[in-house]
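Residue numbers (the UniProt record's numbering): 1 to 155.
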C-alpha cells in the first residue's frame with residue numbers, strides 16, 4: 001500500500017470523470033467539507049451496502065456542511081449503471097488507472113481466496129474547506145463508513 005495520508009496535510013488533487021462523463025475536481029469543493037469514500041467495485045455486495053448508506057445519509061451530511069463523492073476504478077458506464085440501479089444521489093468518480101487511489105494511499109496488495117493481487121482498499125477521507133485532510137479511515141468495513149464519519153463529526 002502507498003503512504004497513508006496524515007491529518008492536516010493537503011489532500012491530493014484529483015480531476016476525474018463522473019458517471020455522466022463530466023469532469024469533477026477537488027477544486028470544485030473549495031470552501032466546503034468533502035467526504036470521499038473509495039470502494040473496490042461498483043455493483044458488488046459490500047460496495048452496494050456502503051453506497052446505499054451514504055445515499056441515505058447524504059441530506060443529513062449536506063445539512064452539516066459536508067458534500068460526498070464515491071471513487072472506484074470502474075468506468076463511467078459501470079458507475080452510471082450502479083447509480084441508476086441504487087438511486088444514488090451523488091457523484092461517482094472513475095479512477096480507471098488508479099492514480100488517484102495511489103495518491104490517497106488506498107491502492108495496494110489484497111488477498112482473496114489465497115490469491116494476492118493489487119486492488120483498491122476500501123477507505124474514506126474527510127477533507128476540510130481548505131483542502132486539508134481532517135480524518136482518514138483506512139481498510140474500513142462497508143457498514144462502518146457512515147457511523148465512523150458521524151462519530152467524528154459529533155466530537
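Think of the CB as a built atom: it goes at the ideal place given N, C-alpha and C, for glycine as much as any other residue. Please read these numbers as outputs of a predicted model, since none were measured by experiment.
Per the C-alpha coordinates, the member of 138, 52, 60 and 139 positioned closest to residue 82 is 52.
In this structure, the alpha-carbon of residue 59 lies about 9 Å from that of residue 89. Boundaries for residue 124: no alpha helix (DSSP H) harbours it, while the beta strand (DSSP E) harbouring it runs 123-127, taken from the DSSP string.
The beta carbon of residue 43 sits closer than 8 Å to those of 78, 81, 82 and 85, all from its chain and outside the five residues before and after it, given in chain order. Non-local C-beta neighbours of residue 114 in its own chain, meaning closer than 7 Å and more than five positions away in sequence, are absent.
In the three-state reduction of the DSSP assignment, residue 17 falls in the strand class, which pools E and B. Under the DSSP assignment, residue 72 falls in the beta strand (DSSP E) whose first and last residues are 66-72. Membership of residue 78 in the alpha helix (DSSP H) is indicated by the continuous run 76-86. Under a 10 Å Cβ-count criterion, residue 145 is classified as buried, with 16 or more other Cβ atoms of the shown protein chains found around its own Cβ. With contact defined as three or more Cβ pairs closer than 8 Å, the stretch 97-116 and the stretch 5-16 are in contact. In the DSSP assignment, residue 140 falls outside any alpha helix (DSSP H) and carries neither an H nor an E.
Counting along the chain, the unbroken beta strand (DSSP E) around residue 119 starts and ends at 115-120. Assigned with DSSP and collapsed to three states, residue 46 falls in helix.
Separation of the CB atoms of residue 36 and residue 103 is rounded to 12 Å, and the pair is thereby denied contact status at 8 Å. By the Cβ test, the stretch 105-113 is not in contact with the stretch 16-27, since fewer than three Cβ pairs between them sit closer than 8 Å.
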